[in-house]
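Under the numbering used here, the first residue of the sequence shown is numbered 1, with each subsequent residue one higher.
Notes follow the structure.
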Amino acid sequence: MPNPELQHHVMQQVVIITHGDYNDTEDDFYFPSVAGYWCHYYQPVEQDLKQCLEVLTRGEVFAYMVHHIIRQHRVVFIPDHWVIFLGAFLGKWTTIILVKKTLLQRHEQVLTLGSITGIYGLFVLQVYISALVLIPWFLPSILVWFYYSFAIQKYYLR
Numbered sequence: 001m002p003n004p005e006l007q008h009h010v011m012q013q014v015v016i017i018t019h020g021d022y023n024d025t026e027d028d029f030y031f032p033s034v035a036g037y038w039c040h041y042y043q044p045v046e047q048d049l050k051q052c053l054e055v056l057t058r059g060e061v062f063a064y065m066v067h068h069i070i071r072q073h074r075v076v077f078i079p080d081h082w083v084i085f086l087g088a089f090l091g092k093w094t095t096i097i098l099v100k101k102t103l104l105q106r107h108e109q110v111l112t113l114g115s116i117t118g119i120y121g122l123f124v125l126q127v128y129i130s131a132l133v134l135i136p137w138f139l140p141s142i143l144v145w146f147y148y149s150f151a152i153q154k155y156y157l158r
């Protein structure tokens, strides 16, 4: 090519050649989970959902995957059990601190724990948006609340 800038631009391109609508082959593949979301978002009727997935060709699925590999758009998953163990430790530590307070401060304790849970949820959401790191939120939060509720029950049963 005579133009070096155009040659450099073409060198960074990816060409994917696939068959379009021929689905009688036996090569199986999985749709990305986002394809179900796209089809549900654009085709909210249940019967159109299957039709939407049939319209999406394998070439489009492969192009989507190649795009994410090239752009290094990878979501990192933090294992659930790591955060659940951390939640168990923090839940026990939190209940030890909160139960030592007087009974009149119970509403403050619930508000404090609720605020901490909400801040943790916003923190996890921000980490996912910013760094594509997916940290479990629901189970560790529920575990902390269970620790707190059991500690309060033991306190009242005395």
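No residue lacks a Cβ here, since even glycine has one placed at the ideal position from N, Cα and C.
For clarity, every value in this text was computed on a predicted model and none was experimentally measured.
Check your understanding: Cβ atoms of alanine 88 and tyrosine 64: under 9 Å apart, would you say?
Key -> What you label residue 64 is simply residue 64 of the sequence shown in a count that begins at 1. What you label residue 88 is simply residue 88 of the sequence shown in a count that begins at 1. No, the Cβ-Cβ distance between tyrosine 64 and alanine 88 is not below 9 Å.
Review point. Skipping 5 residues on each side, what residues in its chain have a beta carbon closer than 8 Å to that of leucine 98?
Key: The residue given as residue 98 occupies position 98 in the sequence shown. Excluding residues within five positions, the ones whose Cβ falls inside 8 Å are Gln109, Thr112, Leu113, Tyr148, Ala151.
Point to revise | Beta-carbon gap between valine 144 and threonine 117 smaller than 9 Å | key: Here residue 144 refers to the residue found at position 144 when the sequence shown is read from its first residue. Here residue 117 refers to the residue found at position 117 when the sequence shown is read from its first residue. Closer than 9 Å, so yes.
Review point. Taking the Cβ atom as the reference point for each residue, do glycine 59 and threonine 18 lie within a distance shorter than 9 Å?
Key: Counting from one through the sequence shown, the residue named residue 59 turns up at place 59. Counting from one through the sequence shown, the residue named residue 18 turns up at place 18. A Cβ-Cβ contact shorter than 9 Å links glycine 59 with threonine 18.
**Study point:** Residues near lysine 92 in its chain [Cβ-Cβ closer than 8 Å; skip 5 each side]
**Key:** Start at 1 with the first residue of the sequence shown, and residue 92 comes out as number 92. Answer for lysine 92: Tyr147, listed in chain order.
Check your understanding: Which residue comes first and which comes last in the alpha helix (DSSP H) that contains arginine 106?
Key -> What you label residue 106 is simply residue 106 of the sequence shown in a count that begins at 1. Arginine 106 -> alpha helix (DSSP H) spans 106-131.
Exercise for review: Take the Cβ of valine 75 as the centre, count every other Cβ of all protein chains shown within 10 Å, and call the residue buried at 16 or more, exposed below.
Suggested key: The residue you call residue 75 lines up with position 75 of the sequence shown. So valine 75 ends up on the exposed side.
Practice item. Have a look at Gly121, Lys101, Gln12 and flag the residue whose alpha-carbon is nearest the alpha-carbon of methionine 141. Key: As a position in the sequence shown, residue 141 is number 141, starting the count at 1. The sequence shown places serine at residue 141, not methionine. Serine 141 has its Cα closest to that of Gly121, out of Gly121, Lys101, Gln12.
Review point. Whose C-alpha, out of Gln153, Tyr128, Gln13, His67, is nearest the C-alpha of phenylalanine 77?
Key: Within the sequence shown, residue 77 is the residue found at index 77, counting from 1. With distances taken between CA atoms, phenylalanine 77 lies nearest to Tyr128 out of Gln153, Tyr128, Gln13, His67.
Exercise for review: Taking only the alpha-carbon atoms, compute the straight-line gap between histidine 68 and glutamate 5 and give it to the nearest angstrom.
Suggested key: Position 68 of the sequence shown, counted from the first residue, corresponds to residue 68. Position 5 of the sequence shown, counted from the first residue, corresponds to residue 5. Answer to the nearest angstrom: the Cα atoms are 25 Å apart.
Check your understanding: Got a sec, what are the start and stop residues for the alpha helix (DSSP H) arginine 58 sits in?
Key -> Counted from its first residue, the sequence shown places residue 58 at position 58. It spans 58-70 - the alpha helix (DSSP H) in which arginine 58 sits, taken as one unbroken run.
**Study point:** Unbroken alpha helix (DSSP H) run spanning tryptophan 137, endpoints
**Key:** Translated into the one-based positions of the sequence shown, residue 137 becomes position 137. Boundaries for tryptophan 137: no alpha helix (DSSP H) harbours it, and the DSSP string shows neither H nor E there.
Practice item. Give me the Cβ distance between leucine 134 and aspartate 80, rounded to the nearest whole Å; I'm assuming they're in contact under 8 Å. Key: Against the sequence shown, residue 134 aligns to sequence position 134. Against the sequence shown, residue 80 aligns to sequence position 80. Contact check for leucine 134 and aspartate 80: beta-carbon distance about 10 Å, past the 8 Å limit, so the pair fails to qualify.
Check your understanding: Looking at the structure shown, is valine 14 part of a helix, part of a strand, or coil, going by DSSP?
Key -> Here the question's residue 14 lines up with position 14 in the sequence shown. The DSSP-derived three-state label of valine 14 is coil.
Practice item. Note down, in chain order, each residue of its chain lying with its Cβ closer than 8 Å to the Cβ of isoleucine 160, except the 5 sequence neighbours on either side. Key: What is shown of the chain runs 1 to 158, which leaves residue 160 out entirely.
Point to revise | Nearest-angstrom Cβ-Cβ length linking isoleucine 16 and valine 66, presumed shorter than 8 Å | key: Looking up residue 16 in the sequence shown gives position 16. Looking up residue 66 in the sequence shown gives position 66. Confirmed, Cβ separation roughly 6 Å.
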